[in-house]
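Undergrad: Here the numbering used here = 1-based position in the sequence shown + 26.
The beta carbon of each residue, even a glycine, is placed where N, CA and C say it ideally should be.
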Amino acid sequence: MGEPRNPHHVVIIGAGIGGLTTGAILARAGLKVTVLEAHVYPGGCAGTFYHQGYRFDAGATLAGGFYPGGPMELVARRTGIDAWPAHKADPVMAVHLPNGQCMTRWAGAARWRERERIFGPAARSFWRWQERTADLLWELALRQPAWPPQSVRDAARLLGAGAGWLAENWRHLRPHLLADLFRPLSAHLQGASETLRLFADAQLLIASQAISTQTNALYGASALDLPRRGVVHLAGGMGAIAQRLAQAVTDNGGSVQYRQEATRIVLENERPKAVQTRRGQTFAADLVVANLPPWNVARLLGDQAPPRLRNLPAMPTKGGGAIMLYVGVDDNLIPRDWPLHHQVIVREPMGEGNTIFLSVSPAWDAQRAPSGRRAITISTHTALQPWWHLFQHDPAGYAARKELYAERLLSAAERALPGLRAAARLVKPGTPVTFQRFTRRDWGWVGGFPQSTLRENWGPRLAPGLWMVGDTIFPGQSTAATALGALRVADAILA
Numbered sequence: 027m028g029e030p031r032n033p034h035h036v037v038i039i040g041a042g043i044g045g046l047t048t049g050a051i052l053a054r055a056g057l058k059v060t061v062l063e064a065h066v067y068p069g070g071c072a073g074t075f076y077h078q079g080y081r082f083d084a085g086a087t088l089a090g091g092f093y094p095g096g097p098m099e100l101v102a103r104r105t106g107i108d109a110w111p112a113h114k115a116d117p118v119m120a121v122h123l124p125n126g127q128c129m130t131r132w133a134g135a136a137r138w139r140e141r142e143r144i145f146g147p148a149a150r151s152f153w154r155w156q157e158r159t160a161d162l163l164w165e166l167a168l169r170q171p172a173w174p175p176q177s178v179r180d181a182a183r184l185l186g187a188g189a190g191w192l193a194e195n196w197r198h199l200r201p202h203l204l205a206d207l208f209r210p211l212s213a214h215l216q217g218a219s220e221t222l223r224l225f226a227d228a229q230l231l232i233a234s235q236a237i238s239t240q241t242n243a244l245y246g247a248s249a250l251d252l253p254r255r256g257v258v259h260l261a262g263g264m265g266a267i268a269q270r271l272a273q274a275v276t277d278n279g280g281s282v283q284y285r286q287e288a289t290r291i292v293l294e295n296e297r298p299k300a301v302q303t304r305r306g307q308t309f310a311a312d313l314v315v316a317n318l319p320p321w322n323v324a325r326l327l328g329d330q331a332p333p334r335l336r337n338l339p340a341m342p343t344k345g346g347g348a349i350m351l352y353v354g355v356d357d358n359l360i361p362r363d364w365p366l367h368h369q370v371i372v373r374e375p376m377g378e379g380n381t382i383f384l385s386v387s388p389a390w391d392a393q394r395a396p397s398g399r400r401a402i403t404i405s406t407h408t409a410l411q412p413w414w415h416l417f418q419h420d421p422a423g424y425a426a427r428k429e430l431y432a433e434r435l436l437s438a439a440e441r442a443l444p445g446l447r448a449a450a451r452l453v454k455p456g457t458p459v460t461f462q463r464f465t466r467r468d469w470g471w472v473g474g475f476p477q478s479t480l481r482e483n484w485g486p487r488l489a490p491g492l493w494m495v496g497d498t499i500f501p502g503q504s505t506a507a508t509a510l511g512a513l514r515v516a517d518a519i520l521a
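1. CB Val472 to CB Leu252, shorter than 9 Å?
2. I need the DSSP call for Met27, collapsed to helix, strand or coil.
3. Is DSSP giving Arg451 helix, strand or coil here?
4. Is there contact here, the region 113-133 with the region 361-371, by at least three beta-carbon pairs under 8 Å?
5. Under the assumption that Ile382 contacts Ala439 (Cβ atoms under 8 Å), give the Cβ distance between them as a whole number of angstroms.
6. With distances taken from CA atoms, which of Gly470, Ala489, Gln393, Asn358 is nearest Ala448?
7. With a Cβ-Cβ cutoff of 9 Å, do Leu384 and Thr403 count as a contact?
8. Could you check what DSSP says for Arg117 in three-state terms: helix, strand or coil?
9. Give a yes or no on contact between the region 489-503 and the region 251-269, applying the rule of three or more CB pairs nearer than 8 Å.
10. Please determine if the region 271-285 and the region 59-77 are in contact, where contact requires at least 3 C-beta pairs separated by less than 8 Å.
11. In whole angstroms, what separates the C-alpha of Phe21 from that of Gln393?
12. Ser238 and Pro210 look like a contact to me (Cβ under 8 Å); what is the Cβ gap, rounded to whole Å?
13. Going by beta carbon distance, what residues of the same chain come within less than 7 Å of Thr465, once the five residues before and after it are set aside?
14. Rank Ala261, Ile51, Arg169 by C-alpha distance to the C-alpha of Gly95 and give the top, closest one.
15. Would you say the region 43-63 touches the region 103-111, given that touching needs at least three Cβ pairs under 8 Å?
16. Start and end of the alpha helix (DSSP H) containing Phe461?
17. Unbroken alpha helix (DSSP H) runs of length 4 or more, entirely within the region 271-355: which are they?
18. Would DSSP call Pro253 helix, strand or coil?
19. Nearest to Arg441 by alpha carbon, out of His34, Asn380, Gly474?
20. So, is Gly522 buried or exposed, given that buried needs 16 or more other C-beta atoms within 10 angstroms?
21. Tell me which same chain residues have a C-beta within less than 6 Å of the C-beta of Leu520, skipping the five on either side of it?
22. Cβ atoms of Gly44 and Gly496: under 9 Å apart, would you say?
23. Val37 to Ala509, Cα distance in whole Å?
24. Who are the near neighbours of Arg26 in its chain, counting only those whose CB is closer than 7 Å to its CB and skipping five residues on each side?
25. Excluding five sequence neighbours on each side, which residues of the same chain lie with their C-beta closer than 6 Å to the C-beta of Asp607?
26. Starting from Ile43, follow the alpha helix (DSSP H) in both directions and report where the run begins and ends.
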């Protein structure tokens, strides 16, 4: 059973980057598109919320892919967006190592001098492999090959894109490229310094949800390349991406409806017929695109969910959640010409406050904080089960754990920004429970599945007429990766 030949109404559940990109492209192609969003603003985990005069980035704070010919330029071209409210970031971030060293991650040529300063000449071969591999794979990804292929059309497209790519790049390919399909990135760190391994593990945790022994080598090479891939600061915060995309949906003739939480996907003869919402409304649908994690989609389908969704564990066992701190500080705490993104590595194991990511609103962005103040978002990875067990069975223990983690994150953040506690005018924590409440992601699961093997990736087509976008499908998390996945879904529907 294929897709309807002329689908006249597409309902998209969730106004995240993936759902809005798909919706804007389909609307521009002439399809009737309705985007349903449970919240009062778009963006989901890549949104920006207002609190006590501040605009805090809710989850994602690092915007990449804004370079000529890159993912976000492709999205703008396909959706009719004339420009993003973006300001280039270089340096991109500073990484604070446990030994007291601080490495600045540059987008330009200065990156080579900085790598040699921190890791020494012996690390050159690793970085040459990483950049060469990343260049090839980003080029292939921008051809939008379908991975994993889910149909004869997908396979033909993948082979076509791959054949052209091989023909153009054969002389640049090294024998280990094929082997990298089946081994972790740590294979390229054998004999490397402990400092380089620790740095790679921490950086991979941002983009692949896993450290070097668990991240596929090819995916890892691309993930470590993020600072070279057009990182920007956005006027108004990360939510500006979703705001522009939502406007593109409506400019192209579609509709974005807020406070419309989907409660059921109605199937008839194994195809979507409608989407029902908590407000008692029913939206007819020939196609449904879910910008949701698999657990949410399974719940909306109930007994009619396809086998892979029915067989999910009760709670995610791979990947995890995030602990967030939203902090308002006096502007004079932030040094001039300071990188606005910082990663602090305290110790191993990674996550749980031992590794944090800190992002500061730009001084030039008056929208983000009251006069004389700046907005800071601090995050760390965390396991889901302990939070939910305490929330459901021990409220006092849950509150104590939240306070403990807030202190742990502030302590780590002060390695990058001394005096943060004293200068903080506002400290607001968030846990996986908070993420479920505000983003509606079941269990507060964020970031998608760890990219440990290319064979385990989810394809976007769940059933006839039913698609999934977002960080669950390849190539995974980050705004750039989610946008690439959405381009693939939109093209597959239009095909």
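TA: Looking at the atomic coordinates:
1. no
2. At Met27, the pLDDT of 43 sits below 50, so the modelled position is not reliable and the matter cannot be decided from this model.
3. strand
4. yes
5. 6 Å
6. Asn358
7. yes
8. With the sequence shown as reference, residue 117 is identified as Pro, and Arg is not the correct amino acid for it. Here Pro117 sits in coil by DSSP.
9. no
10. yes
11. This structure cannot settle anything about residue 21, because the visible part of the chain is limited to 27 through 521.
12. 6 Å
13. Gly70, Cys71
14. Arg169
15. yes
16. 458-465
17. 320-327, 333-336
18. helix
19. Asn380
20. Here the chain comprises residues numbered 27 to 521, so residue 522 is not present and cannot be evaluated.
21. Ala55
22. yes
23. 18 Å
24. No answer is possible for residue 26: it lies beyond the span of the chain, which begins at 27 and ends at 521.
25. For residue 607 there is no data in the structure shown, the boundaries of the chain being 27 and 521.
26. 43-54
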